[in-house]
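If you read the sequence shown in full-length UniProt numbering, its first letter stands for residue 1, the second for the next number, and so on. Beta carbons are placed, not taken as given, at the ideal position from N, Cα and C, and that holds for glycine.
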Amino acid sequence: MRGPGLDALVCSLFIFVCIFFHSLRLLPDHQYSTRESMKRNIRLNSLAPDRQVASRDCRLCTKRRIRCDRSIPGCRKCASRGLGCPGFDAVPLKWGQGVASRGKLAGRTLPVSPGGGSEEQDGLSGALSVRPRIDDDSGRGHDQDLCTWTNDGSRLWDFSTHLLDPMSGLDLVNRFSADVLVDNLLSHFHLEVASMLRWLDSSDNPWRSIILPLARRSNCLRLSILGLAAAHLSVTSAGGSTEEPAFLQANHSLREASLRILNTKIRYELDDGHATGARQDGSSLIEILATMLVLCYGEMLVPYSTNWALHLRACRAIIDRRNLRNRQRESQDPAARFLVMEVVDLETFVSVAPFTREQGSAITRYSPRLLEGHFWTFTPLLRDITAVERRRYGALQKGCEPPGMDMSTWRAKIDEAYAQTSEGATTILPGDEDTRRRFEALLRAHYYACFVYCYQALAPMFEARQVIDGYVGPILDEIQFLANGSARSFSQNVFFPLFIAGTEYGRDEHGQAMIQGLFMDLIISTGSWCNHAVLQFLRAYWARLDSQETWIQYARRNEQNLTPFLIF
1 MRGPGLDALV CSLFIFVCIF FHSLRLLPDH QYSTRESMKR NIRLNSLAPD
51 RQVASRDCRL CTKRRIRCDR SIPGCRKCAS RGLGCPGFDA VPLKWGQGVA
101 SRGKLAGRTL PVSPGGGSEE QDGLSGALSV RPRIDDDSGR GHDQDLCTWT
151 NDGSRLWDFS THLLDPMSGL DLVNRFSADV LVDNLLSHFH LEVASMLRWL
201 DSSDNPWRSI ILPLARRSNC LRLSILGLAA AHLSVTSAGG STEEPAFLQA
251 NHSLREASLR ILNTKIRYEL DDGHATGARQ DGSSLIEILA TMLVLCYGEM
301 LVPYSTNWAL HLRACRAIID RRNLRNRQRE SQDPAARFLV MEVVDLETFV
351 SVAPFTREQG SAITRYSPRL LEGHFWTFTP LLRDITAVER RRYGALQKGC
401 EPPGMDMSTW RAKIDEAYAQ TSEGATTILP GDEDTRRRFE ALLRAHYYAC
451 FVYCYQALAP MFEARQVIDG YVGPILDEIQ FLANGSARSF SQNVFFPLFI
501 AGTEYGRDEH GQAMIQGLFM DLIISTGSWC NHAVLQFLRA YWARLDSQET
551 WIQYARRNEQ NLTPFLIF
């Protein structure tokens with residue numbers, strides 16, 4: 001018989017046996033789980049030694065404080081845990097909203113109150129909620145905020161706040177792009193255009209020392225300068241350049257903006273009921289005149305445009321209105337003096353072709369004192385030759401025989417102009433020999449051209465022929481020297497000698513082809529498209545029926561049918 005003690009012992013033994021056998025049944029699963037864990041622990045020496053590796057650990061291994069195997073494109077240790085390797089950034093970035101430092105949101109990490117964004121604000125900002133689908137080992141398949149998850153469900157970084165629409169920053173991008181464009185155009189004007197507008201560039205170039213400082217205080221002048229730089233870039237860019245249409249559009253937009261402001265200033269200037277300090281000291285007039293002159297130069301670069309003539313007439317009207325040329329106080333102002341001299345020089349080269357009293361009278365309306373110290377003395381000499389030719393022709397039309405011309409006097413004037421210009425250049429020219437030789441070639445080309453033009457305009461035919469024939473060849477030699485080679489400094493200043501030489505090739509087809517080639521080559525390289533009309537005039541003159549007719553006679557007879565041109 002069993003007693004109570006024996007029953008208790010048997011019961012305890014039975015329970016122990018059950019627990020033992022249950023433990024034996026679970027043992028294989030435990031060993032399998034251990035083997036799986038060992039598989040996920042990647043040993044670095046077990047990986048292929050020739051695999052591509054990164055130079056630094058991935059961010060996730062760094063956060064987990066384990067040694068990364070750096071396998072590219074993603075480390076194996078992240079993959080073994082079912083995690084997406086974030087990659088190997090050169091600079092680890094952590095994106096956050098920051099903390100407000102002032103205002104009612106001071107101390108908060110969000111720039112707006114929770115749920116406080118109005119519909120109007122959402123519409124202006126165009127905010128987007130970016131919510132990709134995240135799938136992980138825990139079976140999360142619902143939409144989540146853009147983030148990365150660890151194995152235990154914690155976030156590494158979070159973009160839970162709305163991202164701004166890229167288009168919301170378009171105004172900022174446009175303003176930045178406009179600032180960059182303005183800087184580039186001003187730099188191009190300073191380095192390239194300013195030197196192109198002078199016979200000889202120097203450290204005291206008035207376009208840099210006078211006009212650019214004035215443009216800082218004048219919107220219309222600044223816009224016209226930017227337009228001039230854009231026009232120059234559009235015609236001197238490499239052929240087929242993708243930037244050419246952009247510069248053309250920039251030139252058009254800047255010119256129109258400058259004209260709108262300029263028109264307002266002109267209306268205000270003409271209103272006698274609004275006398276201001278700016279009008280009394282002439283600063284407003286100087287601003288208007290400078291803007292008109294820059295617009296004129298800009299149109300001279302636009303292919304096939306004749307709008308430069310409109311701006312030049314406007315410059316003349318402004319000068320005549322205030323009588324700047326003869327007012328002692330105005331003539332002492334460096335800006336007024338420079339601008340008037342520029343306009344007078346342009347009028348000189350325009351007046352070579354027009355012969356009517358209205359168009360040609362401008363060549364005599366200037367104060368000699370205003371033009372004192374003119375560096376390039378050939379231009380005043382050309383103006384005097386043209387004025388004398390017009391007066392002599394006017395006397396013939398009235399039936400009066402003009403007195404005979406003493407050509408030795410004119411030869412002495414031309415020699416003096418050459419000597420003065422050469423002497424004045426010695427203090428400006430840089431020290432390098434190549435620049436000096438090229439400038440001396442430019443001087444000789446204009447020296448010979450002045451002789452030819454003087455004898456064409458003033459000397460009897462029998463006397464002029466032998467002198468002219470002796471100078472045409474040397475003119476072309478000097479021009480070809482300036483036009484050849486990679487360095488074409490001063491080549492923008494040879495159009496007048498080239499035109500004068502071209503007028504003497506009326507019956508020489510080989511010479512005509514050479515002149516045309518030089519014209520087009522120089523127009524394309526310098527961007528001075530106003531000279532294309534000069535070439536068109538030469539072509540029409542070469543095709544004339546009367547081979548004995550001089551170019552001056554031909555131009556006077558066909559003045560009403562000819563396109564106005566500027567030799568610049």
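Is DSSP giving Ser71 helix, strand or coil here?
strand
Ordered list of alpha helix (DSSP H) runs contained in the segment 513-538, each at least 4 residues
Runs of alpha helix (DSSP H) with 4 or more residues, each lying fully within the segment 513-538, are absent.
Could you tell me which of Ile266, Leu226 and Arg267 sits nearest to Leu248, measuring between CA atoms?
Leu226
Among Arg507, Ile567, Leu562 and Glu244, whose alpha-carbon lies nearest the alpha-carbon of Ser547?
Arg507
Determine the direct distance from the alpha carbon of Phe355 to that of Gln397, and round the result to whole angstroms.
One C-alpha to the other measures close to 13 Å.
What residues in its chain sit with their C-beta under 8 Å from that of Glu269, if we drop five residues either side in the sequence?
Arg279, Ser284, Leu285 and Ile288
Could you check if residue 587 is buried or exposed, using at least 16 other CB atoms within 10 Å of its CB as the buried criterion?
This structure does not reach residue 587, given that the chain is present from 1 up to 568, and the question cannot be answered.
Are the beta-carbon atoms of Ile479 and Pro497 separated by less than 9 Å?
yes
Per DSSP, what are the beta-bridge partners of Val53 in this structure?
Ser71
At what residues does the alpha helix (DSSP H) containing Arg383 begin and finish?
Phe378 to Gln397
Compute the distance between the beta-carbons of Ala457 and Tyr471, then report whether it is under 9 Å.
no
Looking at the structure shown, is Gln548 part of a helix, part of a strand, or coil, going by DSSP?
coil
Hey, out of Trp199, Leu186 and Ser195, whose CA is closest to Leu221's CA?
Leu186
Below 9 Å between beta carbons: does that hold for Val494 and Leu482?
Inclusion of Val494 and Leu482 in the CB contact set at 9 Å is warranted, their separation being smaller than that value.
Beta-carbon proximity of Tyr447 to Ile500, cut-off 9 Å:
Taking 9 Å as the Cβ cut-off, Tyr447 and Ile500 do not qualify as a contacting pair.
Please go through the same chain and pick out, in chain order, the residues whose beta-carbon is closer than 6 Å to the beta-carbon of Ser224, but skip the five residues on each side of it.
The beta carbon of Ser224 sits closer than 6 Å to the beta carbons of Ser258, Thr291, Val294 and Leu295 from its chain, once the five residues preceding and following it are set aside; these are given in chain order.
Distance between beta carbons of Arg390 and Pro402, contact taken as under 8 Å
The distance from the Cβ of Pro402 to that of Arg390 is about 11 Å, inconsistent with a contact at the 8 Å cut-off.
Alpha carbon of Lys413 to alpha carbon of Glu463, nearest angstrom:
18 Å
With 16 other CB atoms within 10 Å as the buried threshold, where does Glu504 fall?
buried
Starting from the C-beta of Lys77, find all residues in its chain whose C-beta is less than 7 Å away, skip the five residues before and the five after it, and write them out in chain order.
Ile42, Cys61, Ile66, Cys68 and Asp69
Quick check on DSSP: helix, strand or coil for Phe375?
If DSSP states are grouped into helix, strand and coil, Phe375 belongs with coil.
Can you list, in chain order, the residues of its chain whose CB lies under 7 Å from that of Ile567, leaving out five sequence neighbours each side?
Phe349, Val352, Phe495, Phe496, Phe499, Asn531 and Val534
Whose C-beta lies closer than 6 Å to the C-beta of Pro474 among residues of the same chain, with five residues either side of it excluded?
Tyr448
Straight-line gap, Val193 to Leu254 (C-alpha atoms, nearest Å):
So the alpha carbons of these two residues sit roughly 16 Å apart.
Do Leu212 and Phe189 have their C-beta atoms closer together than 9 Å?
yes
Since Ala48 and Ile72 are thought to touch, with beta carbons under 8 Å apart, how far apart are those beta carbons, to the nearest angstrom?
That belief does not hold up - the Cβ atoms of Ala48 and Ile72 are roughly 12 Å apart, past 8 Å.
Ala395 to Met405 span [Cα, whole Å]
About 14 Å.
His232 vs Leu301 beta-carbon contact at 9 Å
yes
For Trp542, which of helix, strand or coil comes out of DSSP?
Reduced to three states, the DSSP call for Trp542 is helix.
Environment of Ser80 [buried if 16+ CB atoms lie within 10 Å]
exposed
Between the CA atoms of Gly502 and Cys400 - distance to the nearest angstrom
32 Å
Nearest candidate by alpha-carbon position, reference Leu262, set Asn558, Gly74, Thr306 and Ile318:
Ranking Asn558, Gly74, Thr306 and Ile318 by Cα distance to Leu262 puts Ile318 first.
Helix, strand or coil at Leu562 [DSSP, three-state]:
coil
For Pro311, report the span of its alpha helix (DSSP H) as first-last.
One detail in the question is off: residue 311 reads as His in this sequence, not Pro. Run containing His311: Trp308 to Arg322, per the alpha helix (DSSP H) assignment.
Around the Cβ of Gly517, are there at least 16 other Cβ atoms within 10 angstroms (buried) or fewer (exposed)?
exposed
Could you tell me which of Pro380, Ser489, Leu382 and Ala419 sits nearest to Glu433, measuring between CA atoms?
Ser489
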